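Asker: Positions in the sequence shown are counted from 1; adding 74 to them yields the numbering used here.
Below you will find the structure I want to go over with you.
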Amino acid sequence: MTATIALVGWILNIVVGLVLLAQLLRARRQIPALAYYHLVTAFVGLGIWIAFMAAGSPVLAWAGFAVLTLHNTFGDKLMVKGWRKRHPGATGNAYLQAAKYTAKRPLTMAHAMLAPVAWFPALAAAVISSWGA
Numbered sequence: 075m076t077a078t079i080a081l082v083g084w085i086l087n088i089v090v091g092l093v094l095l096a097q098l099l100r101a102r103r104q105i106p107a108l109a110y111y112h113l114v115t116a117f118v119g120l121g122i123w124i125a126f127m128a129a130g131s132p133v134l135a136w137a138g139f140a141v142l143t144l145h146n147t148f149g150d151k152l153m154v155k156g157w158r159k160r161h162p163g164a165t166g167n168a169y170l171q172a173a174k175y176t177a178k179r180p181l182t183m184a185h186a187m188l189a190p191v192a193w194f195p196a197l198a199a200a201v202i203s204s205w206g207a
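Right under this line is the structure:
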């Protein structure tokens, strides 16, 4: 069940992320290389996760979870870098400020809020899969 929740959250978040990417491309904005790493890790991790769900292998569960964690790290880095670029002279906790800024943008906020919907169930599924190993 937790693996399925992670899968659904993962897919929904990829869809929202692709919509955000399409908006950036439509606006002819320069896309940072880190955004492509974020995109690639989303799909690679999803592929590993689907393989885990098919095979039930704890190794695949942990590999998928690791790629998802890397993917989320890239997303957080993108959020902070983007905020710093728009607010170069700002002081204080950049992550907190970037999160507050993200909360004002509904689609970006949805993308950020879906990340833990995939991450926490993926962690739980990886742990549960290891109990039987």
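Even for Gly, the Cβ is constructed at its ideal location relative to N, Cα and C.
Only a predicted model underlies this, so the values are computations on that prediction, with no experimental measurement involved.
Does the stretch 76-87 touch the stretch 97-106, meaning 3 or more C-beta pairs lie closer than 8 angstroms?
Answerer: Verdict: no, contact absent.
Asker: Whole angstroms is fine: what's the gap from Leu135's alpha carbon to Pro106's?
Answerer: The sequence given here has Ala at residue 135, not Leu. Roughly 29 angstroms separates the two Cα atoms.
Asker: Which term fits Trp193, buried or exposed, when burial requires 16 or more other beta carbons within 10 angstroms of its beta carbon?
Answerer: Classification of Trp193: buried, given that the 10 Å Cβ count is 16 or more.
Asker: Indicate, with yes or no, if the ligand NAP has a heavy atom lying under 7 angstroms from the CB of Leu98.
Answerer: Absence of the ligand NAP is noted for the structure shown, with no ligands found whatsoever.
Asker: Cα separation between His240 and Val154?
Answerer: The first residue shown for the chain is 75 and the last is 207, placing residue 240 beyond what the model contains.
Asker: My understanding is that Leu108 touches Lys151, with C-beta atoms under 8 angstroms, so please give their C-beta distance in whole angstroms.
Answerer: About 6 angstroms separates the two Cβ atoms, so the contact holds.
Asker: Ala116 to Val141, Cα distance in whole Å?
Answerer: If you take the alpha carbons of Ala116 and Val141, they lie about 8 angstroms apart.
Asker: Is the beta carbon of His185 sitting closer than 8 angstroms to the one on Val118?
Answerer: Contact: no.
Asker: Could you give the distance in angstroms between the alpha-carbon of Ala189 and the alpha-carbon of Ala164?
Answerer: Computed Cα separation, rounded: 26 angstroms.
Asker: Hey, quick one: how far does the alpha helix (DSSP H) through Ile85 stretch, first residue to last?
Answerer: Per DSSP, Ile85 belongs to the alpha helix (DSSP H) from Thr76 to Arg100.
Asker: From Ile88 to Ala200, what distance separates their C-alpha atoms?
Answerer: Approximately 21 angstroms, taken between the alpha carbons.
Asker: For Gly121 and Val93, what's the separation of their Cα atoms in angstroms?
Answerer: Going from the Cα of Gly121 to the Cα of Val93 covers about 20 angstroms.
Asker: Just to confirm the assignment, what range does the alpha helix (DSSP H) spanning Asn146 have?
Answerer: Asn146 -> alpha helix (DSSP H) spans Pro132 to Arg160.
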